[in-house]
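Visitor:
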Amino acid sequence: MYNYISNSDKNKKILLDRFIKYTKIWSESSEKNADKGIFPSTPKQFDFAGILEKDLKEIGMQQVLITKDCYVYSYLPASEGLEALEPVLFLAHLDTVDEVTGKNVNPQIKSPAGFVDDPTDVIITTDGNTLLGADDKAGICAIMSAVEFLAGNNEIKHRAVEVIFSPDEETGHGMDKVPLNLIKSKIAYTVDGGEEGELESECFDAWACKVSFTGHSCHTGSAKQDGMINAVKMASSFVKMLPYRKSPETTEKYQGFISPMDINGSVENASVQLLLRAFTESEIEKQKKIILKLVKKIERKFKGKVSVSYTHQYMNMKQKMDEHPQVVQNLKKAYNCAGVKIIQKPIRGGTDGSRLTQLGIPTPNIFTGAHNFHSRDEWCSLNQMSKSADVIINLLME
Numbered sequence: 000m001y002n003y004i005s006n007s008d009k010n011k012k013i014l015l016d017r018f019i020k021y022t023k024i025w026s027e028s029s030e031k032n033a034d035k036g037i038f039p040s041t042p043k044q045f046d047f048a049g050i051l052e053k054d055l056k057e058i059g060m061q062q063v064l065i066t067k068d069c070y071v072y073s074y075l076p077a078s079e080g081l082e083a084l085e086p087v088l089f090l091a092h093l094d095t096v097d098e099v100t101g102k103n104v105n106p107q108i109k110s111p112a113g114f115v116d117d118p119t120d121v122i123i124t125t126d127g128n129t130l131l132g133a134d135d136k137a138g139i140c141a142i143m144s145a146v147e148f149l150a151g152n153n154e155i156k157h158r159a160v161e162v163i164f165s166p167d168e169e170t171g172h173g174m175d176k177v178p179l180n181l182i183k184s185k186i187a188y189t190v191d192g193g194e195e196g197e198l199e200s201e202c203f204d205a206w207a208c209k210v211s212f213t214g215h216s217c218h219t220g221s222a223k224q225d226g227m228i229n230a231v232k233m234a235s236s237f238v239k240m241l242p243y244r245k246s247p248e249t250t251e252k253y254q255g256f257i258s259p260m261d262i263n264g265s266v267e268n269a270s271v272q273l274l275l276r277a278f279t280e281s282e283i284e285k286q287k288k289i290i291l292k293l294v295k296k297i298e299r300k301f302k303g304k305v306s307v308s309y310t311h312q313y314m315n316m317k318q319k320m321d322e323h324p325q326v327v328q329n330l331k332k333a334y335n336c337a338g339v340k341i342i343q344k345p346i347r348g349g350t351d352g353s354r355l356t357q358l359g360i361p362t363p364n365i366f367t368g369a370h371n372f373h374s375r376d377e378w379c380s381l382n383q384m385s386k387s388a389d390v391i392i393n394l395l396m397e
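Residue 397 is where the sequence shown ends in numbering that gives the first Met the number 0, and the numbering goes up by one at each step.
Listed below in structure tokens is the structure:
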């Protein structure tokens, strides 16, 4: 069993200091800019990338660079005698979600009481005004700790390792311009999960849906006579008709959902943006039929026009992962070697790994010790983050 990180108070202190440093860096992405085709969606992601470039060089990583699209790449060669072994790629994302502000983060150190049962743990939270950014700065820190340990301990024999920190994962575009030309590895792991033990090799099949409503404007004083058709009312009625039992707040585990995310417009034109999420293509098709049925009802009720368009965002990685069972088996072995109890479950969302798997590099997901993602209640466990680093080390040991 290899517990190099979690058994060292010195390594834990370095990990904690690095995590606090990174959480204070404003690296929020922008959903609106991403939808306009701006990549990366915010220039502030380059600010964080520059800090990571400097830190990677300082800990001994090689070939460190930032691509023009804000991907941070680095490489650590294999130990002498292990050069023939396949390298492994680890990924984490440097952006934070824009649903809750990540500006002026003020991390707080708390006792573990009320968070975890381990009295030796250290808990990092926000001050309640921002998110923490543990998604995915905890993943970045776990990777940094693991490669720093290997780079500084020549007696520990390991295979070659590649690291990529990517922009715009939170907008769904994290792998849009991934530098495949730099990647030597044929297998990879994202470090972007939650509580200790989470191991994920399947995720949602994800679609975006835009429903557009066309009405007819006239003076409100003569609306009855002149045949006003109010697109705002059409859109709001459509949202009200969506089945409550298929919403994200009522579903869990392998249940999919339909979620309205944005509604806007005027009397003549309005639109609703939806997320469709399911673990099978057949359920996605059922969701599309529900939307079509509601659209027809709206058209009959209001006499207006409605159009629907779909965009496939990412696929469930399970089918591709099933074609490469050894990738998950190696990960399970690493969990066992690090003394981590496996909690295998689906991702109710997506990661850069789902996109990378689709591109031909099977990429399951590793926990980070982060909790309550995308909220002001976000927190992270230092011990769990340390264990994530242990798992990474074990994956690289021969």
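Glycine included, each C-beta is placed from N, C-alpha and C at the ideal position.
Values in this document were obtained by computation on a predicted structure and should not be read as measured data.
Any beta-carbon of chain B closer than 9 Å to the one on tyrosine 21?
Guide: The question asks about chain B, but that chain is absent: this structure has only one protein chain.
Visitor: Which residue from Lys292, Asn32, Pro259 and Ser265 puts its Cα closest to that of arginine 276?
Guide: Here the closest residue by C-alpha is Pro259.
Visitor: Please go through the same chain and pick out, in chain order, the residues whose beta-carbon is closer than 7 Å to the beta-carbon of glycine 348, but skip the five residues on each side of it.
Guide: Closer than 7 Å at the Cβ level, and outside the excluded window around glycine 348, lie Cys202 and Phe203.
Visitor: Roughly how many whole angstroms lie between the Cα atoms of glycine 36 and aspartate 351?
Guide: Those two C-alpha atoms are separated by around 18 Å.
Visitor: Output the boundary residues of the alpha helix (DSSP H) element that contains alanine 141.
Guide: Segment 133 to 150, the alpha helix (DSSP H) holding alanine 141.
Visitor: Quick test of the definition: if touching needs 3 or more C-beta pairs under 8 Å, does the stretch 168 to 177 touch the stretch 318 to 332?
Guide: No, the stretch 168 to 177 is not in contact with the stretch 318 to 332.
Visitor: Specify whether the stretch 76 to 84 and the stretch 102 to 115 touch according to this definition: at least 3 beta carbon pairs, one from each stretch, less than 8 Å apart.
Guide: The stretch 76 to 84 is not in contact with the stretch 102 to 115.
Visitor: Are the beta-carbon atoms of leucine 93 and alanine 187 separated by less than 9 Å?
Guide: No, they are not a contact pair.
Visitor: Just the C-alpha distance for proline 242 and lysine 295, rounded to the nearest angstrom, thanks.
Guide: Rounded to the nearest angstrom, the two C-alpha atoms are 15 Å apart.
Visitor: What's the C-alpha gap between valine 327 and leucine 394?
Guide: Roughly 11 Å separates the two Cα atoms.
Visitor: What separation, rounded to the nearest whole angstrom, lies between the Cα atoms of isoleucine 392 and alanine 159?
Guide: For isoleucine 392 and alanine 159, the distance between alpha carbons rounds to 11 Å.
Visitor: Mind checking whether valine 104 and lysine 23 have CB atoms under 9 Å apart?
Guide: For valine 104 and lysine 23, yes; Cβs fall inside 9 Å.
Visitor: So, helix, strand or coil for lysine 209, using DSSP?
Guide: If DSSP states are grouped into helix, strand and coil, lysine 209 belongs with the strands.
Visitor: Taking the C-alpha atoms as reference points, what is the distance between asparagine 229 and serine 26?
Guide: Roughly 40 Å separates the two Cα atoms.
Visitor: Looking only at its own chain, which residues have a Cβ that is under 6 Å from the Cβ of arginine 354, when we skip the five neighbours before and after it?
Guide: Excluding sequence neighbours, arginine 354 sits near Met174 and Tyr313.
Visitor: From which residue to which residue does the beta strand (DSSP E) around glutamine 272 run?
Guide: Taken as a continuous stretch (DSSP letters only), the beta strand (DSSP E) holding glutamine 272 covers 268 to 277.
Visitor: Let's see if you can read the secondary structure: which residues bound the alpha helix (DSSP H) around threonine 52?
Guide: Note that residue 52 corresponds to glutamate in the displayed sequence, not to threonine. Note, glutamate 52: alpha helix (DSSP H), 43 to 57.
Visitor: I need the straight-line Cα distance from isoleucine 122 to aspartate 116, nearest angstrom please.
Guide: Those two C-alpha atoms are separated by around 11 Å.
Visitor: Alpha carbon to alpha carbon, how far is lysine 223 from threonine 279? Give it in angstroms, no decimals.
Guide: Roughly 46 Å separates the two Cα atoms.
Visitor: Thinking C-alpha only, which one of Glu147, Met396, Lys304 and Phe164 is nearest isoleucine 13?
Guide: Among Glu147, Met396, Lys304 and Phe164, the Cα nearest to that of isoleucine 13 is on Glu147.
Visitor: Fully enclosed by the stretch 196 to 244, which alpha helix (DSSP H) runs are 4 residues long or longer?
Guide: Complete alpha helix (DSSP H) runs here, min 4: 222 to 225 and 230 to 240.
Visitor: With distances taken between CB atoms, is the gap from tyrosine 309 to leucine 181 smaller than 9 Å?
Guide: It is not a contact, given that the beta carbons lie outside the stated cut-off.
Visitor: Excluding sequence positions up to five away, which residues of its chain have a Cβ less than 6 Å from the Cβ of asparagine 32?
Guide: Within the same chain, asparagine 32 has close Cβ partners Ser40.
Visitor: Here's a check: name, in chain order, each residue in its chain whose Cβ is nearer than 6 Å to the Cβ of glutamine 61, leaving out the five neighbours to either side.
Guide: Contacts found: Tyr74.
Visitor: Which term fits alanine 83, buried or exposed, when burial requires 16 or more other beta carbons within 10 angstroms of its beta carbon?
Guide: Counting Cβ neighbours within 10 Å, alanine 83 comes out exposed, since fewer than 16 surround it.
Visitor: Looking at the unbroken beta strand (DSSP E) that takes in glycine 264, where does it start and where does it end?
Guide: Run containing glycine 264: 256 to 264, per the beta strand (DSSP E) assignment.
Visitor: Could you tell me the distance, in whole angstroms, from the CA atom of serine 281 to the CA atom of serine 246?
Guide: Each residue's Cα considered, the two are about 18 Å apart.
Visitor: Grouping DSSP H, G and I as helix and E and B as strand, with all else coil, what is isoleucine 37?
Guide: Coil.
Visitor: Within the stretch 273 to 355, note down every full alpha helix (DSSP H) run reaching 4 residues or more, in order along the chain.
Guide: Qualifying alpha helix (DSSP H) stretches, in chain order: 280 to 301, 317 to 321 and 324 to 336.
Visitor: Rounded to whole angstroms, how far is the Cβ of asparagine 382 from the Cβ of aspartate 120, which I believe are closer than 8 Å?
Guide: Confirmed, Cβ separation roughly 4 Å.
Visitor: For threonine 124, count the other beta carbons within 10 Å of its own beta carbon; 16 or more makes it buried, fewer makes it exposed. Which is it?
Guide: So threonine 124 ends up on the buried side.
Visitor: Taking Cβ to Cβ, would you say serine 200 is nearer than 9 Å to valine 307?
Guide: No.
Visitor: Ignoring anything shorter than 3 residues, give me the beta strand (DSSP E) runs that lie fully in the stretch 53 to 130, in order along the chain.
Guide: Those beta strand (DSSP E) runs which fall completely within the stretch 53 to 130 and span 3+ residues are 61 to 65, 71 to 75, 87 to 92, 107 to 109 and 122 to 124.
Visitor: Between phenylalanine 18 and cysteine 140, which are expected to be in contact by the criterion C-beta below 8 Å, what is the C-beta distance as a whole number of angstroms?
Guide: 5 Å between Cβ atoms; contact.
Visitor: Report the rounded CA-to-CA distance for serine 235 versus serine 265, giving the unit in angstroms.
Guide: Spanning the two alpha carbons is a distance of roughly 12 Å.
Visitor: Leaving out the 5 sequence neighbours to the left and right, which residues in its chain are closer than 7 Å to serine 387 when beta-carbon positions are compared?
Guide: Ala141, Val190, Ile365, Phe366, Thr367 and Gly368.
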